[in-house]
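**Student:** Residue numbers (the working numbering), protein chains in the order written: chain A, 37 to 414; chain B, 171 to 489; chain C, 15 to 299.
Questions regarding the structure given below will be posed in turn.
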Amino acid sequence: MGLKRGHQAHPIEWLVERGIFLVATTAILMVFLIFVFVAREALPVFLGQTNSSLVQEVLPVEKMNTLTPVELQKYLGLSAKQYRELDRESIRALMEVKIEGATEASHDKDAGLNTTAWRYLIGPHQWTGYERPAYIWQPVSQIHKYNIVPLLIGSLKVTLVALLFSVPLALGAAIYVSQLASTRAREWLKPSIELLAGIPSVVLGFFALLVLATLLQKLFGYQGRLNALVAGVALGLAVIPVVFSIAEDALSSVPRSYTQAALALGSSRWQTAWQIVLPAALPGVFAAVVLGFGRAMGETMVVLMASGNASIVSGSIFDSTRTITATIAAELAETVFGGHHYRVLFMLGTLLFIITFVSNLAAGQVITHLKSRMEGKR
Amino acid sequence: MSATASTAPALRPFRSRRFDLASFVFSGLTGLATFLIIAILLVILGNVIYSGGASLSWRFITSGTESDMFDVRKAGVLPMIIGTTARVLLMTIFVLPVGVITAIYLTEYAASTSRFTRVIRSAINNLAGVPSIVFGLFGLGFFINFIGQHLDGVLHGTDTVWGKPALVWASLTLAVMTLPVVVVATEESLRAIPSGLREASLALGATKLQTIAKIVLPQALPGILTGAILAISRAAGEVAPILFTGAAYYMADLPTRLSDQFMDLGYHVFILSTQSPDIEKTRPILYATVLVLLLLTIALNVVAIFVRARMRRNLRMLQ
Amino acid sequence: MNLKALKHITAAAMLLAAAPSTLLAGSITAKGSDTLVILAQKWAEVYMGKHTDTKIQVTGGGSGTGFAALQNRTTDLANASRKIKPAEVAECIKAFGKRPTEYKVALDGLSIYVNAENPVGELSLEQLEKIFTGKVKSWREVGGPDAPIVIYSRENSSGTYEFFKEHVLKGADFAASAQTMPGTAALLQAVAKDKNAIGYGGAAYGAGAKHLKVKATEATPGVEPSQEAVMGGTYPIWRYLYIYVNPNIDKDEIAAYLSWIRSDEGQKLVHEIGYYPLPADLRSK
């Protein structure tokens, strides 16, 4: 609705308009900042600069008198400013702590490995005490094992269950509400279903943990109480309003001339809905599912509370499962800030950001395209 | 989402008179899906209201935790209600101006086809899709580790006041998260204002800014209000973004400064359902806390739905 | 309202808010382990009741959070359910030139929980190690029914997890199939509802589950996790809880407070919260 300017703007007005323009860029700035500052903390992992190896060169304490300040700074990992502020006594203590750290480390054959190298982050490895090469996420351990494969599989598995549960329901409801329900029913059905989005995810998690887990266990009779199924179904409840809302919009914005033509030619309402409206709205429905995928991948509290969080590689939905989001939420507060565990968790966050960003971008493109097409037709 | 879409099914041509099995099955299945979703919603609400209502009392809402937040007789949620309220109010102060101005730019100034507008829209859409836990990481990486620490470097030398989780950082993180909600809602209401109003104002000699401030914004107020309410309701229940940016497991005192941490309703639900020493004994407080949280978020949602519905009805009449 | 004005306003608001926040004399802050937070709060309350001029503020967040706060001097005391790590000591030295002082403040016994219907009554440390690392997979191998063992563990962010791993598993990894629960409550609930479950957690907790007797070796008798057994050292799975402090500020009020915590009076409160008091020789006089 860009209206043409009537007459020359006042200088102050000109300033204010520049201000409005600047503020409008905030969203762009924020997306950019989110990526930069989450990735910044993870950068050492991406660049291969972190080293979780436990075998490190250790110098005897007396060496502090013979090393040059620069060498000493580098050895102790101090900045020049920190070095200036510390007295000899503190430097001595640091030298001792470094030795303690090295002697406490285990004499495992894997102790010398840098487990934050990509090889170990995504490839299997036969660790000491394991019978065969495996994908292991055990970050708090004598050897820090940071394999992200179990978490990726966990996230995808729970997401798949959530989509299988929610997409048919949400699409069915979207078709019903947009095509078949009377206008009156529609007026209260749509907001009611969207009210699901108003239930906080921590409440869904609570409900899954206390009620749904018991119910599903009785229904299917499996062994472990918390598993991918429970988490997936609870997650599905969070996904339903997302898919429903967008699919319903897409279905209702199919031009009325389509339906009128089909009905006039003698097709029934379901034929019209199924053969005319649904195909016409398919890109929008697809976008709805993609957005639902993004929502499911990114949801935290539900999976943290209801999935059992065992980091295993398994295809069964009756096994407990650990997702990327739950891992970050559960582990970050206890890590050594700036340490390799902390950085690997930020790396997972970056990964999650990229996955959801790409899927949102794709869905966004489809929706924009769809909208312009619909507006053109009207 | 779009206002025009809602009128689509209003005109429905005559029904086909023959009984048609396929049609029956199709309507039946989609109707069942709709029914199931509503049923699940009612079961969750019913479960919480039934179990929570029994243990919800005035004392519970108006008292603190009294040193033992797991003691059924003594525990209260006042500090959590205050903490949650403080963080969403602060968030609203941050997000509302930015969101409304962005929407004004998009509807009143930008050409809808320009490349720049498309980038802004795409950024807003993407912001809406960023996982809440990533906002938490962002809050820690940007607000606390970057802004906070630099602020401390300038203001406090070696002391750390801002470079740690705090109310203000949690609120800012949530403000970034809810920006799309406010922008979309405001934009919708701005678009709904007939351009005749703007043209009339301009024709009478008002400048563009005067038109926006005196004519457009007052008309858009219900939409802005809806946006604010939806943002608050979304933020009030979120836990993941505040885990690392400000929420405290336990605090004896209420937060008094922007740099204080706070207790939070949603986080407290998580604590009660996973960390309580005796889950059977603490179940009443858990349910009551969930009920308080749900009442807060659902009530806000219902209000938003009503405001929005009224707005749309007025709009239809105008057209 | 333009962006710049907004920025100035927020900056001014922050300055105003920051002004009174420098630590006041007579004010102590304690931060760290969520395991310790309730106990720390109890200590603070009782102490403040006696010394009205001292103000103590307690927050949780996790042991790691406490150490991070100790390093950047946002807290005076760091509550911890685990020992400080060398990397964290190094950071502390970099920040204030000295190692943080460690005080043991309480004992915590860890119980092994099984479902109430489980006929197994006691296990040895060796059996526990094999069960939790996944080498023993069926209850039959430890004298129970022919049923798979379902392991419930804690999140690796918990001090309990680390302690159990180090002392019972001798540093080996938990079985990958072990489900990790975000808290003792969630774990207990799972054990109470799953008849093949085994889990671990604080000895004072555990309503709804059966606490196993634990044998230090195959030859010694099984011991119940009672206060006497934990304090006397006959029950084999127990740990200390700690408070760490910057030695530069360990004087006046803070020193007095720490000494009071470890006195008979402070230790009396420990049991109320579900932990065990320090043995007499570790208390302050």
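Note that beta-carbon positions come from the ideal geometry of N, C-alpha and C, so glycine has one too.
Using only alpha-carbon positions, find the residue among C:215, C:198, C:199, C:47 that is nearest to residue 119 of chain C.
**Tutor:** Nearest of C:215, C:198, C:199, C:47 to residue 119 of chain C, Cα basis: C:47.
**Student:** My output table needs one value for residue 379 of chain A: the three-state DSSP class, helix, strand or coil.
**Tutor:** Helix, per DSSP.
**Student:** Just the Cα atoms here: how many angstroms apart are residue 8 of chain C and residue 371 of chain A?
**Tutor:** An answer regarding residue 8 of chain C cannot be provided, because it is not within the stretch 15 to 299 covered by chain C.
**Student:** Mapping DSSP to helix, strand and coil, what is residue 460 of chain B?
**Tutor:** In this structure, residue 460 of chain B counts as helix in the three-state DSSP scheme.
**Student:** Where residue 290 of chain C and residue 282 of chain C are concerned, what is the direct C-alpha to C-alpha distance, given to the nearest angstrom?
**Tutor:** Taking the straight line from one Cα to the other gives about 9 Å.
**Student:** Using a beta-carbon distance cut-off of less than 9 Å, what residues from the region 443-458 of chain B approach chain C?
**Tutor:** Listed by position, the residues of the region 443-458 of chain B near chain C (Cβ gap below 9 Å) are 443, 444, 445, 446, 447, 448, 449, 450, 451, 452.
**Student:** Straight-line CA distance for residue 273 of chain A to residue 193 of chain A?
**Tutor:** Cα to Cα, residue 273 of chain A sits roughly 16 Å from residue 193 of chain A.
**Student:** Under DSSP, the alpha helix (DSSP H) around residue 145 of chain A begins and ends at which residues?
**Tutor:** Neither: residue 145 of chain A is in no alpha helix (DSSP H) and is coded neither H nor E.
**Student:** Please list the partners that residue 100 of chain C has in chain A, where partner means a Cβ-to-Cβ separation under 8 Å.
**Tutor:** 133, 134, 136, 137, 140, listed in chain order.
**Student:** With DSSP as the reference, label residue 310 of chain A as helix, strand or coil.
**Tutor:** Correct three-state label for residue 310 of chain A: helix.
**Student:** Taking the DSSP output, what are the residues bridged to residue 212 of chain C?
**Tutor:** C:128, C:165.
**Student:** List, in order along the chain, the chain A residues whose C-beta lies closer than 8 Å to that of residue 212 of chain C?
**Tutor:** The contacting residues do not exist; residue 212 of chain C stays about 13 Å from chain A at best.
**Student:** Short check: CB of residue 62 of chain A to CB of residue 268 of chain B, under 8 Å?
**Tutor:** Their beta carbons are under 8 Å apart, which means residue 62 of chain A touches residue 268 of chain B by this criterion.
**Student:** Are the C-beta atoms of residue 116 of chain C and some chain A residue less than 8 Å apart?
**Tutor:** Judged by the 8 Å Cβ criterion, residue 116 of chain C is not in contact with chain A.
**Student:** Strictly below 8 Å CB to CB, what residues from chain B border residue 168 of chain C?
**Tutor:** Those within 8 Å of residue 168 of chain C in chain B number zero; the least Cβ separation is about 10 Å.
**Student:** Under 8 Å between C-beta atoms, does residue 190 of chain B make it to chain A?
**Tutor:** So yes, residue 190 of chain B belongs to the interface.
**Student:** Measuring straight from C-alpha to C-alpha, what distance separates residue 403 of chain A and residue 176 of chain A?
**Tutor:** Approximately 44 Å, taken between the alpha carbons.
**Student:** Measuring only between beta-carbons, confirm whether residue 305 of chain A sits less than 8 Å from chain B.
**Tutor:** At least one chain B Cβ lies under 8 Å of residue 305 of chain A.
**Student:** Check the Cβ of residue 408 of chain B against every Cβ in chain A and list those closer than 9 Å, keeping chain order.
**Tutor:** 236, 237, 238, 337, listed in chain order.
**Student:** State buried or exposed for residue 242 of chain C, treating a residue as buried only when at least 16 other CB atoms are found within 10 Å of its CB.
**Tutor:** By the 10 Å Cβ count, residue 242 of chain C comes out exposed.
**Student:** Should residue 372 of chain A be flagged as near chain C, meaning a C-beta pair shorter than 8 Å?
**Tutor:** So, interface residue.
**Student:** Name, in chain order, the residues that DSSP records as bridge partners for residue 182 of chain A.
**Tutor:** In the DSSP output, where bridge partners are listed per residue, residue 182 of chain A has A:173.
**Student:** Whole angstroms is fine: what's the gap from residue 424 of chain B's alpha carbon to residue 258 of chain A's?
**Tutor:** Their Cα atoms are separated by approximately 45 Å.
**Student:** If you draw a straight line from the alpha carbon of residue 223 of chain B to that of residue 72 of chain A, how long is it in whole angstroms?
**Tutor:** If I take the Cα positions, the gap works out to 46 Å.
**Student:** If you count every other CB in all the chains shown that lies within 10 Å of the CB of residue 295 of chain C, and 16 or more means buried, which is it?
**Tutor:** That one is exposed.
**Student:** Is there a Cβ from chain B that is less than 8 Å from the Cβ of residue 86 of chain C?
**Tutor:** True, the Cβ-Cβ gap to chain B drops below 8 Å.
**Student:** Residue 394 of chain A: which of B:292, B:430, B:211, B:247 sits nearest, CA to CA?
**Tutor:** Answer by Cα proximity: B:292.
**Student:** Bridge partners for residue 72 of chain C per DSSP, in chain order?
**Tutor:** C:44.
**Student:** Which parts of the region 389-428 of chain B are runs of the beta strand (DSSP E), unbroken and 3 residues or longer, counting only runs that do not cross its ends?
**Tutor:** Runs found: none.
**Student:** What distance in whole Å lies between the Cβ atoms of residue 183 of chain A and residue 171 of chain A, which are believed to be in contact at a cut-off of 8 Å?
**Tutor:** Confirmed, about 5 Å.
**Student:** State the Cα-Cα distance for the pair residue 354 of chain B and residue 477 of chain B, rounded to the nearest angstrom.
**Tutor:** Those two C-alpha atoms are separated by around 15 Å.
**Student:** For residue 150 of chain A, name the three-state secondary structure that DSSP assigns.
**Tutor:** Residue 150 of chain A falls in the coil class under three-state DSSP.
**Student:** What residues of chain B sit near residue 52 of chain A, judged by a beta carbon separation below 8 Å?
**Tutor:** Chain B residues near residue 52 of chain A: 379.
**Student:** Hey, how far is the Cα of residue 153 of chain A from the Cα of residue 293 of chain C?
**Tutor:** Distance between the alpha carbons of residue 153 of chain A and residue 293 of chain C: 46 Å.
**Student:** Using CA coordinates, which residue listed in A:58, A:398, A:59 is at the minimum distance from residue 326 of chain A?
**Tutor:** Checking every option, the nearest Cα to that of residue 326 of chain A belongs to A:398.
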